[in-house]
């Protein structure tokens, strides 16, 4: 079996090869398809993610969730490969983490059982919900704390697999739903 690094590189290449027009179309599809899911519509507290440069932007989704008056949480990296989530609003300030990503500034959201919906980042997903992340294991450590939350992964059709081709480790956490975005 090919190791995860090769699968990550392959998935990253698909993202890097998107034209600006394709990227915009995928970002709009990501927002529309997530917002149309019954679990997102019913959710009061949503944990989303601030996308990295190569990823599809989640900015429109975040803005729409705030407009719908959902409580929106975004991740912040902590020491020892841990993370927590910060409740944001239009006035939230952000700082750049040493790894280069933006993170919200604020107090940790402690009511984990209140989280209804989680958008889980990933480079590739399988039909079974297996996720190929960036390799830090942050979500694999955090998701077991949220058994009640509906977890969703979104990926390009090129990075969606009927059978999981990469090695699965005992600590890998599955998502409950995968949305595969088709190219135009």
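Residue numbers (full-length UniProt numbering): 1 to 184. Glycine residues also receive a C-beta, built at the ideal position from the N, C-alpha and C atoms.
Helix, strand or coil at residue i [DSSP, three-state]
i           : result
residue 104 : strand
residue 70  : coil
residue 109 : coil
residue 127 : coil
residue 134 : coil
residue 30  : helix
Separation of residue j from residue i, as counted between CA atoms
i           : j           : result
residue 43  : residue 116 : 5 Å
residue 48  : residue 7   : 24 Å
residue 77  : residue 136 : 11 Å
residue 236 : residue 109 : Since the first residue shown for the chain is 1 and the last is 184, residue 236 is missing from the structure and cannot be characterised.
residue 157 : residue 55  : 14 Å
residue 149 : residue 75  : 16 Å
residue 25  : residue 84  : 31 Å
residue 62  : residue 15  : 21 Å
Pair within 9 Å by beta-carbon distance, residue i and residue j
i           : j           : result
residue 35  : residue 27  : no
residue 175 : residue 131 : yes
residue 68  : residue 142 : no
residue 39  : residue 152 : yes
Cross-strand partners of residue i (DSSP beta bridge)
i           : result
residue 187 : Absent from the model: residue 187. The displayed extent of the chain is 1 to 184, so no value can be given.
residue 84  : 76
residue 18  : Per DSSP, none; premise fails for residue 18.
residue 95  : 103
residue 161 : 126
Minimum C-alpha distance to residue i - residue among the options
i           : options      : result
residue 20  : 167, 89, 53  : 53
residue 124 : 154, 177, 79 : 154
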